[in-house]
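Residue numbers (full-length UniProt numbering): 1 to 487. Every residue gets a Cβ at the ideal spot worked out from N, C-alpha and C, and that includes glycine.
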């Protein structure tokens, strides 16, 4: 199974793994409603690679080989988990539409307000269709993957599930209908490229944005999501990288692509010489609140259902956001003498980004530390680093999502240890931090290089940047012949 579906308690995860292995030993395929792609929980695979997991496996193996044990593990629809996952999918879509669109739209000048909405809606439509055609297969298909070995399919899934081949109304992923699972994963695929739009706000053509997103989804998002969550044999699974809900696959991916877009596009006309204030911070604050609420679906839903893990994920998500607010607020207060409304909203998002990869692996103390540090360092990245490097990231996508994702990913390796209040047994801090850093570095380099190449290609084909006269007029009227406001 797609390895984010690891929210079940460890005992059920282990039973799931034993069931699969027992079925292999008996040389028959267990009664399941999905292809072999989905038969195992990655959390169990991680567990049995550790001494405690191997011991438990040996103790339980005899019972697992009995026909009754096999029958007991036949997937059964869980209506409670299904209802929750439907809700979680809606919450993640709500994060993008209208949450992200409002958050971004309020930050740009009034003449470009609608352009952010059209980009978010356009990306949702485009990526949603591509997800059904081939994206889902590229992410979840585990054909030709072998745990511990690096093959071509360690980097990207196969095409056996194009157009959702093999899915029926009775297909289950774990305890939920596959259709619900497909939709939930689709919302992640939609919001990730939508995040990038904030970096090139007010200056990229709508047609160029759509073409870039289509290619980026295919060459960057789908492969990285597979590498992180593809289960046994996927690159980052082999490395032991921990990313529960998308610190690497979503936030670092989007943040680094945003940085590449800033550098290739160049600065907005008049940047640093002409005031470019946010035209409606009330909309931005409302959008940030929607993102915060939706994030519970984002993180808790990544467990694939409801279990004891869901409670700690929920609590850590909330604590991360609260600590992020304090980290950003007090740093800004210290540096400029007063906190800002935008700073409070940005701090909450920084904390949420940071806790995303760690939410199921750390204790509350770890969530507090990660949120606080992300609030501080994300503030410094958008106020100090951005000025020193001189790039124009219109809405600070790299500073929030790129930097916050990197910090959260690395600190997951620190605070996941039981000695630090974490929930992952039998790991050493050094080994886990190294694994996390490897994941961060690989994602950063791969995403930046490929994103840069895609941007250059799109620029050569149709041109990336709107004409100066269009920038002056505003993208709303020039590209869509509409205005956000009639006054």
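CA-to-CA distance, residue j to residue i, given in whole angstroms
i, j, result
"residue 325", "residue 355", "13 angstroms"
"residue 441", "residue 346", "25 angstroms"
"residue 430", "residue 281", "43 angstroms"
"residue 274", "residue 473", "15 angstroms"
"residue 417", "residue 198", "35 angstroms"
"residue 77", "residue 229", "23 angstroms"
"residue 225", "residue 486", "42 angstroms"
"residue 330", "residue 368", "15 angstroms"
"residue 157", "residue 143", "7 angstroms"
"residue 111", "residue 120", "17 angstroms"
"residue 185", "residue 421", "30 angstroms"
"residue 161", "residue 177", "16 angstroms"
"residue 208", "residue 85", "34 angstroms"
"residue 316", "residue 279", "33 angstroms"
"residue 370", "residue 231", "26 angstroms"
"residue 477", "residue 437", "45 angstroms"
"residue 412", "residue 483", "44 angstroms"
"residue 238", "residue 388", "37 angstroms"
"residue 79", "residue 300", "17 angstroms"
"residue 155", "residue 443", "11 angstroms"
"residue 382", "residue 393", "9 angstroms"
"residue 148", "residue 445", "23 angstroms"
"residue 459", "residue 261", "11 angstroms"
"residue 81", "residue 306", "5 angstroms"
Buried or exposed (CB count within 10 angstroms, at least 16 for buried), residue i
i, result
"residue 131", "buried"
"residue 468", "exposed"
"residue 481", "exposed"
"residue 170", "exposed"
"residue 304", "buried"
"residue 248", "buried"
"residue 341", "exposed"
"residue 277", "exposed"
"residue 451", "buried"
"residue 100", "buried"
"residue 333", "exposed"
"residue 205", "buried"
"residue 217", "buried"
"residue 462", "exposed"
"residue 139", "buried"
"residue 428", "exposed"
"residue 189", "buried"
"residue 180", "buried"
"residue 174", "buried"
"residue 302", "buried"
Supposed close pair residue i, residue j - CB separation, criterion 8 angstroms
i, j, result
"residue 182", "residue 221", "That belief does not hold up - the Cβ atoms of residue 182 and residue 221 are roughly 16 angstroms apart, past 8 angstroms."
"residue 351", "residue 375", "6 angstroms"
"residue 202", "residue 475", "7 angstroms"
"residue 92", "residue 187", "4 angstroms"
"residue 196", "residue 245", "So it is not a contact: roughly 19 angstroms between Cβ atoms."
"residue 288", "residue 194", "The Cβ separation is near 15 angstroms, so there is no contact."
"residue 269", "residue 479", "Contact flag wrong, Cβ pair sits at about 15 angstroms."
"residue 219", "residue 126", "About 15 angstroms separates the two Cβ atoms, so there is no contact after all."
"residue 372", "residue 323", "4 angstroms"
"residue 433", "residue 403", "That belief does not hold up - the Cβ atoms of residue 433 and residue 403 are roughly 18 angstroms apart, past 8 angstroms."
"residue 259", "residue 200", "In fact, because the Cβ distance is near 11 angstroms, the residues do not count as touching under 8 angstroms."
"residue 117", "residue 294", "Contact doesn't hold; Cβ gap of about 17 angstroms is too wide."
"residue 236", "residue 439", "5 angstroms"
"residue 414", "residue 251", "Their Cβ separation, rounded to whole angstroms, is 18 angstroms, which puts residue 414 and residue 251 out of contact at 8 angstroms."
"residue 256", "residue 447", "4 angstroms"
"residue 88", "residue 311", "The Cβ separation is near 15 angstroms, so there is no contact."
"residue 243", "residue 357", "4 angstroms"
For residue i, three-class secondary structure by DSSP
i, result
"residue 146", "coil"
"residue 411", "helix"
"residue 193", "helix"
"residue 388", "helix"
"residue 176", "strand"
"residue 167", "coil"
"residue 213", "helix"
Q: Go through the region 225 to 278 residue by residue and report every complete run of the beta strand (DSSP E) that reaches 3 residues or more, in order.
A: none
Q | 3 or more residues per run - each beta strand (DSSP E) lying fully within the region 292 to 369 | A | none
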